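Let me begin by presenting the structure, written as structure tokens, before commenting on it.
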Amino acid sequence: METRAALPRGKMLSPEIKISIGTLTVYLIGNNDANRRFQNSYNTPDLLNETYPDTDALIAESDLTNFHTYGLQFNRHDIHWYFDGHNQMSLTGAYARDFSSNPVYISIALNIGGNEYANQSLEDSDHMEWQCSAFIVDYIR
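Under the working numbering, the residues of the sequence shown are numbered -19 to 121, in order.
Next up, the structure:
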């Protein structure tokens, strides 16, 4: 799966695109920092996680309010996240099962606030300082 999107930037704005397959939920975009997250109801101590610092550095210096591609590739054995064609993170060892019998759900949301902003509040005028309040999705394929 791949999407091309421009992320919003502003106090307490949190865009997300997530994919749910059975009990597995994978975030293609989670929050406005392009970090990858996943949730799995299975206990998976054999999970191998590999990150790519060069791609993380690329994300840190990129203006995410411009269009970038966010990719997710998964199969029975592993999951790979991509940012502008560069591998950002890989998970292997935990998902040796067949996903083909489960429906796939894609969810797109622009959240304001949430658990990660527990010690912050949004004032009536805060929206005036948002650099970009739009979550613009060019395509999902």
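Even for Gly, the Cβ is constructed at its ideal location relative to N, Cα and C. Note that the structure is a prediction, hence the values are computed from the model and not measured.
For residue 3, name the three-state secondary structure that DSSP assigns. If you number the sequence shown from 1, residue 3 lands on position 23. Residue state, collapsed to three classes: coil.
- request: Put residue 97 into one of helix, strand or coil per three-state DSSP.
  value: Counting from one through the sequence shown, the residue named residue 97 turns up at place 117. Correct three-state label for residue 97: helix.
Does the beta-carbon of residue -15 have 16 or more other beta-carbons within 10 angstroms, so that it is buried, or is it exposed?
-> For the purposes of this step, residue -15 is identified with residue 5 of the sequence shown, where counting begins at 1. Burial call: buried.
From the DSSP output, which residues share a beta bridge with residue 58? Reading the sequence shown from its first residue, position 78 is the one you call residue 58. DSSP lists 72 as partners of residue 58.
*asked:* In this structure, how does DSSP classify residue 37 when only helix, strand and coil are distinguished?
replied: Here the question's residue 37 lines up with position 57 in the sequence shown. Correct three-state label for residue 37: helix.
Worksheet entry | For residue 6 and residue 200, the rounded distance between their alpha carbons | In the structure as shown, the chain starts at -19 and stops at 121, and residue 200 therefore has no counterpart that could be examined.
For the beta strand (DSSP E) containing residue 118, name the first residue and the last one. In the sequence shown, counting from the first residue as 1, residue 118 sits at position 138. Start and end: 116 to 120.
Task: Exposed unless 16 or more other CB atoms sit within 10 angstroms - verdict on residue 137 - done: Outside the modelled stretch of the chain, which goes from -19 to 121, sits residue 137, for which no answer is possible.
Q. Does the beta-carbon distance from residue -5 to residue 113 come in below 8 Å?
A. Your numbering for residue -5 matches position 15 in the sequence shown. Your numbering for residue 113 matches position 133 in the sequence shown. Cβ atoms of residue -5 and residue 113: not closer than 8 Å.
> When DSSP labels each residue in this structure, what does residue 30 get in the three-state scheme?
Replying inline: Locating residue 30 in the sequence shown gives position 50, counting from the first residue. Correct three-state label for residue 30: strand.
Would you mind working out which of 44, 86, -7 sits nearest residue 110, comparing C-alpha positions? Sequence index remark: in the sequence shown, residue 110 carries index 130 (1-based). For residue 110, the nearest C-alpha among the options comes from -7.
Give the straight-line distance between the Cα atoms of residue 65 and residue 102, rounded to the nearest whole angstrom. Numbered from its first residue, the sequence shown carries residue 65 at position 85. Numbered from its first residue, the sequence shown carries residue 102 at position 122. Between residue 65 and residue 102, the C-alpha separation is close to 35 Å.
### Query
Hey, residue 90 and residue 115 are a contact pair by Cβ (cut 8 Å); roughly how many whole angstroms apart?
Counting from 1 along the sequence shown, the entry for residue 90 is found at position 110. Counting from 1 along the sequence shown, the entry for residue 115 is found at position 135. Contact flag correct, Cβ pair sits at about 4 Å.
- Query: Do the CB positions of residue 85 and residue -17 come within less than 8 Å of each other?
  - Reply: Start at 1 with the first residue of the sequence shown, and residue 85 comes out as number 105. Start at 1 with the first residue of the sequence shown, and residue -17 comes out as number 3. No, the pair does not count as a contact, with Cβ atoms beyond the cut-off.
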